[in-house]
Every structure is written in structure tokens, then in C-alpha cells.
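Position one of the sequence shown corresponds to residue 0 (our numbering), numbered consecutively onward. Where is the CB? At the ideal position from N, CA and C, for every residue including glycine. The structure under discussion appears below in the form of C-alpha cells.
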Amino acid sequence: MEDNNIVLQPNEEAIMLNERIKSNGQIAVNAVCNIGRDLRRMKIEELYTYLGYGSFEEYAEQEHGLKRRQAYQYISVYENLGEAFVQSNAQLGITKLALLTQVNSEDRAEVMADNDLSGMTVNEIKTLIEKVKRQGEQLSMFEEQLSDKAIQEKELSLKSEEIKSLQARFDDASNEIQKSDAEKQETEQKNAELEARIKELESRPVEVAVAEPKIKEVIKKVPDKKAIEDKDREILTLKNKYKALDEARIEEIKNLKDSYEKRISEIQSATGQAAGTEKNSFKLLYAEAYKSCLGLIEFIESSKGKDRELFMEKTDKLLDIVRESMHKSS
Numbered sequence: 000m001e002d003n004n005i006v007l008q009p010n011e012e013a014i015m016l017n018e019r020i021k022s023n024g025q026i027a028v029n030a031v032c033n034i035g036r037d038l039r040r041m042k043i044e045e046l047y048t049y050l051g052y053g054s055f056e057e058y059a060e061q062e063h064g065l066k067r068r069q070a071y072q073y074i075s076v077y078e079n080l081g082e083a084f085v086q087s088n089a090q091l092g093i094t095k096l097a098l099l100t101q102v103n104s105e106d107r108a109e110v111m112a113d114n115d116l117s118g119m120t121v122n123e124i125k126t127l128i129e130k131v132k133r134q135g136e137q138l139s140m141f142e143e144q145l146s147d148k149a150i151q152e153k154e155l156s157l158k159s160e161e162i163k164s165l166q167a168r169f170d171d172a173s174n175e176i177q178k179s180d181a182e183k184q185e186t187e188q189k190n191a192e193l194e195a196r197i198k199e200l201e202s203r204p205v206e207v208a209v210a211e212p213k214i215k216e217v218i219k220k221v222p223d224k225k226a227i228e229d230k231d232r233e234i235l236t237l238k239n240k241y242k243a244l245d246e247a248r249i250e251e252i253k254n255l256k257d258s259y260e261k262r263i264s265e266i267q268s269a270t271g272q273a274a275g276t277e278k279n280s281f282k283l284l285y286a287e288a289y290k291s292c293l294g295l296i297e298f299i300e301s302s303k304g305k306d307r308e309l310f311m312e313k314t315d316k317l318l319d320i321v322r323e324s325m326h327k328s329s
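Structural data, given as C-alpha cells:
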């Protein structure tokens with residue numbers, strides 16, 4: 000080959016062409032970054048108006064033959080990928096680089112590591128990017144569901160603590176009522192015994208005069224009618240309190256059920272899922288309820304005496320509430 004009348008040997012020509020290719024390649028790499036950077040500034044600062052153009056798109060097409068999509072691809076690549084990334088991968092071309100802007104940096108790094116993008120067509124890369132995006136959306140939805148489940152578990156934990164507190168107050172009221180009933184029975188029994196004793200003494204006329212002082216002392220010890228009525232009112236108050244606590248406990252359980260149904264409805268509305276999701280939600284709630292029931296049964300079986308009878312009675316009431324709610328909803 001002749002160049003400036005100089006004849007080069009094949010090995011010398013090979014070296015010269017290789018260096019020229021390297022130089023042109025570096026120019027192409029720098030061109031992608033430079034074009035993106037300069038187009039971005041031209042658009043943001045509206046410098047194209049000083050060249051007589053009314054819009055950026057008109058300027059890009061008239062001056063550089065770039066359609067709107069191509070011009071914005073250069074800007075997007077420069078803004079989203081960064082100069083260092085573009086310089087390292089400029090050989091892919093602007094169209095392939097623009098596709099890589101559609102995924103986050105972590106997914107982009109994974110795509111670059113697992114695939115030879117230079118040997119793939121634009122359509123193949125486009126299909127790959129769409130797949131990665133779908134996987135990301137599914138992962139995001141799964142993480143959101145996990146977050147919702149964590150919120151539900153936290154709400155359940157809080158409700159459980161409230162129910163435990165309510166149960167403790169319920170048990171205290173029950174104990175107070177039982178104690179008051181026992182005291183009333185004891186008082187009535189003593190009163191009956193004293194009245195019987197008085198009648199017995201009154202039936203013995205000869206001894207009445209002698210026993211009269213003692214009888215008066217005994218009568219003084221007998222609770223009067225007002226004291227008994229006061230005790231009755233106290234017991235009635237405790238019973239009303241017991242009833243109110245029982246109703247409050249039922250209302251708390253109903254509210255807990257309603258909150259679960261509302262939360263499930265919100266999740267379904269947000270994700271746009273149909274009957275399959277309802278079944279999954281039911282399976283999740285059913286598993287949690289089944290686990291709780293097993294724990295409750297184990298706790299009752301480990302209890303003894305009156306406590307066990309009381310726990311069984313409360314559990315029966317809870318089951319009645321569940322059955323009644325199910326019949327109403329059906």
C-alpha cells in the first residue's frame with residue numbers, strides 16, 4: 000500500500016490500521032458522552048433559541064438529523080448511566096444503552112454480568128430487560144405483601160395484649176362477684192341462725208327476763224336490712240360491671256375480625272388480585288387461627304380446677320360468637 004509515496008510492509012500496515020481503529024473507537028466512545036452532555040445542556044438552557052429554532056426537537060432534527068426519540072436517548076443515557084459507565088460500554092451503541100436505563104443499577108449490573116450484550120440484538124436485549132422489569136415488579140409486590148403481613152401480625156399482637164388486659168379485668172370482676180356472693184351467703188346464714196336463736200329464746204318465757212340482756216346483744220350483732228340492701232346493690236353493680244366487660248370483650252373480638260377483613264380488602268384492591276388471592280388470604284388467616292387454637296387448647300389442658308372450668312366456659316363463648324358471626328354473614 001502506498002501512503003504519501005511511502006510503501007509499508009504488511010506488518011507495518013497492520014500496526015498503523017490497529018492504532019487508527021483504537022483512535023476512532025475512543026472518539027466514538029467520547030462522542031456518545033459528549034453528544035448526550037451537550038444535548039442536555041442545549042435543551043435545559045434553551046440555547047437552541049439563539050440559533051433561530053423554536054423548540055429543542057426542531058433543533059435536533061434540523062441540525063443533526065436526530066429524531067425526538069434519538070435525541071432524548073442520548074440525554075437519558077448520559078443522565079441515568081453516567082459518563083464512566085457509558086465510556087466503558089459505548090461499543091454497545093446508543094439504542095442498547097438506552098434500554099439499560101430502564102432498570103435500576105443492581106439489575107443492570109446483573110444483566111451485564113450474566114449476558115454478552117454486544118453479541119445480542121436490540122430485540123433480544125429488549126426482551127431481556129422486560130423480563131427483568133417483571134421480576135422486579137413481582138419482587139416489589141411480594142415485599143409489599145410481606146410488609147402488610149408484618150403490619151397485620153403487629154396489629155394482632157397489639158389486639159392480643161388488649162384482649163389479655165380485658166380478660167384480666169374480666170377475671171378480677173368475676174372474682175369480686177364470687178367473693179361478694181360468698182359474703183352475702185355467709186351473712187344471710189348467720190342472720191338466719193340468729194333469728195332462729197331469738198325465736199327459740201322467745202319461746203322460753205321463764206328464761207326471757209334472764210336472757211333479755213343477752214338477746215339484745217345478739218340482736219345488735221345481726222346486720223340490719225339496710226346493710227343487706229347495700230350489699231345487694233354492691234353485688235348488682237359488680238354484675239353490671241361483669242356484663243359490661245363481657246360485652247366489651249365481644250366487641251373487641253368483633254373489631255379485630257373487622258380489621259382483618261378490611262386489611263385483606265385493602266391488599267386485594269391495591270394489588271388487583273381476584274379470587275386466588277382471597278383463597279391465599281384465607282389460608283394465611285386460617286393457619287394463624289389454627290395455631291392460636293392449638294395453643295389455647297394446650298393452655299386449657301395444662302390448667303386445673305376452677306381455672307380450667309372458667310377457661311373452658313370463656314372458650315365456649317368465643318366459639319359461639321364466631322359461629323353467630325358466620326351465620327349472620329352468610
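- DSSP, read as helix, strand or coil, puts V6 in strand.
- Under the DSSP assignment, N79 falls in the alpha helix (DSSP H) whose first and last residues are R67 to L80.
- One thing to note: L98 has its Cβ within 8 Å of the Cβ of I128.
- Rounded to whole angstroms, the Cβ separation of K125 and I74 is 20 Å, and the two are not in contact under 8 Å.
- Minimum Cα-Cα distance from E312 among the listed residues T94, S173 and D106 corresponds to S173.
- Sequence-distant partners of D180 (beyond 5 residues in either direction) whose C-beta falls short of 7 Å from its own C-beta, in its chain, are I234.
- DSSP places S104 inside the alpha helix (DSSP H), whose first and last residues are S104 to D113.
- Rounded to the nearest whole angstrom, the CA to CA distance from S139 to E105 is 14 Å.
- Counting only the Cα atoms, K240 lies some 38 Å from R196.
- By the Cβ neighbour-count rule, C292 is exposed, with fewer than 16 other Cβ atoms within 10 Å of its own.
- Residues R67 and A70 of the same chain have their beta carbon placed closer than 8 Å to that of E56, with the five preceding and five following residues left out of the count.
- It is roughly 14 Å from the alpha-carbon of S117 to the alpha-carbon of V85.
- Comparing alpha-carbon positions, the option among T186, T120, N122 and V102 lying closest to Q134 turns out to be V102.
- Considering only M111, E78 and N79, the residue with the shortest C-alpha distance to L91 is M111.
- Approximately 5 Å separates the beta-carbon atoms of I93 and Q72; this is inside 8 Å, confirming the contact.
- Of the candidates I162, A226, L193 and T186, I162 places its Cα closest to the Cα of N254.
- With fewer than 16 other Cβ atoms inside 10 Å of its own Cβ, V321 counts as exposed.
- Shown here, M119 sits in coil according to DSSP, grouped into three states, outside any helix or strand.
- Per DSSP, E60 is one residue of the alpha helix (DSSP H) stretching across F55 to H63.
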